[in-house]
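Chains as they are written, first to last, in the working numbering: chain A, 1 to 350; chain B, 351 to 700. Think of the CB as a built atom: it goes at the ideal place given N, C-alpha and C, for glycine as much as any other residue. Predicted model, so just to flag it, every value in this text is computed and none were measured. Single-structure report; data block below.
Listed below in structure tokens is the structure:
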């Protein structure tokens with residue numbers, strides 16, 4: 001559908017003014033041309049794909065639910081589409097995998113404006129194109145409930161280069177990519193004033209998964225354990241500690257808290273360290289590295305052009321401490337199911 | 351979790367009494383042991399899988415949404431889990447693929463009883479075990495809306511054995527597997543009296559995907575086109591006609607309408623042929639076969655032990671006719687989005 005045609009839509013048209021086939025066509029038109037390895041694409045009962053040789057495959061699925069993971073009052077539809085794919089690509093990055101394809105399943109209210117539908121599609125199609133991922137299939141259904149965007153993403157990695165959470169050893173050094181806290185601050189800013197637009201809000205709305213860092217870490221075999229910060233730094237540290245059977249000591253002063261986030265948290269009388277540690281949605285990587293591989297890590301940093309900051313070490317005593325204080329195990333996957341990410345990063349609201 | 355432990359749950363416990371980690375563990379405990387090819391399973395950022403050699407991969411995703419695809423008043427939770435996987439396996443069967451793995455993403459209301467949660471898991475775990483499919487990952491989230499079970503299933507097939515909708519030619523004969531109409535009748539029966547239990551209601555609640563027929567058709571290269579009847583026979587015939595660029599002539603007298611369904615429809619003053627053609631959820635296969643391959647088709651029937659009934663032919667004139675009367679193109683994917691399968695197979699209710 002060209003921009004010109006889109007102008008012909010009746011004002012106020014919703015998804016219920018279209019057939020499923022028309023809606024699928026509107027998505028397909030926003031996708032990049034099919035790659036060689038796609039034998040059968042959108043439109044049949046299933047997609048048929050030529051696998052990549054000498055690689056193992058990495059599968060992940062994650063859903064964004066309106067009211068749980070995003071609030072339409074300040075998350076524009078293109079950001080819904082972008083984030084739904086980004087959270088999955090971040091999981092692939094954490095495994096060291098290069099993303100290859102995705103399937104998009106959406107449950108949509110009948111009154112969703114068609115312009116919002118198109119913008120959601122543009123959101124995931126744009127991010128997919130940027131990372132050369134092809135959307136090979138999907139599903140559309142009506143729902144009486146909130147917008148639900150469920151994406152399964154598939155990547156590949158050489159078998160020995162796959163990263164997990166479980167390989168950290170006592171003495172390994174912990175590094176985090178980029179900066180933390182920006183997404184949590186951005187969310188608070190948007191809740192305070194939906195029209196805010198700065199690096200923090202952009203980070204919340206359109207996170208950039210650390211795919212290049214992840215694949216380089218895998219390829220150079222630098223990381224003994226890796227995880228993404230989807231549920232926040234504190235949760236990620238707990239997960240690496242639990243899966244690897246180590247403890248983690250974090251040095252608060254070293255945490256690369258985004259300047260804009262630090263300023264915002266301070267202005268709101270919040271402790272920037274606590275806010276940055278417990279806020280979610282940063283989609284950075286937390287990486288454990290053997291001390292002797294420090295030089296190889298520096299090479300990854302240069303190649304990826306992303307800072308990796310030393311923030312702590314793995315120790316024998318179980319649990320996660322920050323400047324010697326034990327963090328309560330009450331984040332992310334440890335939280336009761338109904339309190340799970342009511343709005344991610346919303347530290348004040350709980 | 352053993353049966354004994356389950357008895358210790360507090361009465362009236364819901365999913366919100368558990369952490370996400372505990373809920374994932376309850377699912378994992380209901381799954382078969384991990385296969386050799388699963389390198390990293392549930393519990394990391396993503397699953398890592400060794401691909402199958404000399405096969406192409408087949409991907410499909412489908413969601414079941416409460417109130418759209420099922421009604422909890424008469425669909426027990428185990429059937430929700432079973433059907434959510436079955437609809438996906440049926441898509442793989444239609445491509446001639448052997449299923450291998452699946453990812454299950456569920457959005458659940460906080461007040462869902464934990465016993466219902468366990469039963470949903472048992473439903474998909476049981477069907478997965480029956481077809482030697484492994485659930486390699488998934489996602490759980492809260493929703494303020496209806497239960498939504500989204501499953502991505504992956505199968506494999508030899509490249510030249512993959513079936514599509516697009517290969518039918520003029521002169522090809524159309525066959526349908528098993529019987530049709532039973533699921534639509536079963537749904538009507540359940541709406542009329544939720545306690546009904548017979549072959550039709552069982553067919554609606556726990557459809558058996560035609561995986562053996564599909565893989566045999568692909569392996570023997572008997573089918574020129576194949577599709578499953580998820581949205582009903584009429585829709586499937588339209589899809590094969592449109593994708594293959596042929597017309598389809600159906601002979602109503604030959605349709606293998608299930609006896610119980612015929613009886614029910616007649617007792618409700620419905621035309622059994624119309625009801626069986628437009629009712630969905632049969633999950634049989636509609637197959638186009640070159641006339642000279644009739645003997646090979648008979649061999650597939652014997653091997654799979656499932657009847658394949660000749661119901662029509664492919665012709666040059668576009669469209670689908672039943673006993674010479676053109677069917678309106680108003681089913682399944684052609685339906686406006688908001689009228690899509692309000693309750694599948696519910697011919698009266700619209």
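Query	Result
Where the segment 385 to 408 of chain B meets chain A: residues whose CB sits under 7 Å from a CB there	389, 390, 394, 395, 396, 397, 398, 399, 400, 401, 406, 407, 408
Alpha carbon of residue 398 of chain B to alpha carbon of residue 390 of chain B, nearest angstrom	5 Å
Buried or exposed (CB count within 10 angstroms, at least 16 for buried), residue 88 of chain A	buried
Near-chain B residues of the segment 60 to 84 of chain A - C-beta to any C-beta below 9 Å	60, 61, 62, 63, 64, 65, 66, 67, 68, 69
Within chain A, partners of residue 496 of chain B - CB distance below 7 Å	143, 144, 145
Test item: CB-CB of residue 434 of chain B and residue 505 of chain B under 8 Å	no
Within 8 Å, strictly: CB atoms of residue 574 of chain B and residue 638 of chain B	yes
Where residue 363 of chain A meets chain B, residues with beta-carbon distance less than 7 Å	With chain A represented from 1 up to 350, any question about residue 363 of chain A goes unanswered, as that position is not in the structure.
Beta-carbon proximity check, residue 364 of chain B vs residue 462 of chain B, cutoff 8 Å	yes
Contacting residues, own chain, Cβ-Cβ under 7 Å from residue 99 of chain A (five flanking each side not counted)	89, 92, 131, 133, 153, 155, 211
Beta-carbon spacing of residue 500 of chain B, residue 150 of chain A below 8 Å	yes
Same chain, Cβ closer than 6 Å to residue 233 of chain A, neighbours up to 5 away in sequence not counted	180, 277
For residue 147 of chain A, three-class secondary structure by DSSP	coil
Buried or exposed (CB count within 10 angstroms, at least 16 for buried), residue 674 of chain B	exposed
9 Å Cβ cut-off: residues of chain A touching residue 515 of chain B	43, 44, 45
Contacting positions in the segment 278 to 302 of chain A - beta carbon closer than 9 Å to chain B	none
Nearest candidate by alpha-carbon position, reference residue 382 of chain B, set B:509, B:452, B:400, B:403	B:452
Residues that residue 105 of chain A contacts on chain B, provided the C-beta gap is smaller than 7 Å	411, 413, 500
For residue 392 of chain B, the residue or residues it bridges with in DSSP	B:394
Per-residue burial, residue 294 of chain A [other beta carbons within 10 Å of its own, 16 or more giving buried]	exposed
Amino acids of chain A, ordered along the chain, whose beta-carbon sits closer than 7 Å to that of residue 444 of chain B	45
Residue 319 of chain A versus A:281, A:252, A:242, residue with shortest Cα-Cα distance	A:242
Candidates B:498, B:578, B:585, of which the one nearest residue 467 of chain B by Cα	B:498
Whole-angstrom distance between residue 251 of chain A and residue 165 of chain A, CA atom to CA atom	21 Å
Residue 362 of chain B burial status per 10 Å Cβ neighbour count (16 or more: buried)	exposed
Residue range of the alpha helix (DSSP H) that includes residue 542 of chain B	532 to 542
CA-to-CA distance, residue 533 of chain B to residue 631 of chain B, given in whole angstroms	6 Å
Burial state of residue 606 of chain B, where buried means 16 or more other Cβ atoms lie within 10 Å	buried
Residue environment, residue 198 of chain A, which counts as buried when at least 16 other CB atoms sit within 10 Å	exposed
Per DSSP, cross-strand counterpart(s) of residue 578 of chain B	B:635
Residue-level contact to chain A via CB, residue 486 of chain B, 8 Å cutoff	yes
Helix, strand or coil at residue 468 of chain B according to DSSP, with G and I counted as helix	helix
Proximity below 8 Å, CB of residue 526 of chain B to CB of residue 373 of chain B	no
Below-8 Å beta-carbon distance, residue 591 of chain B vs any chain A residue	no
Residue 121 of chain A vs residue 167 of chain A beta-carbon contact at 8 Å	no
Chain B contact for residue 162 of chain A (CB, 8 Å cutoff)	yes
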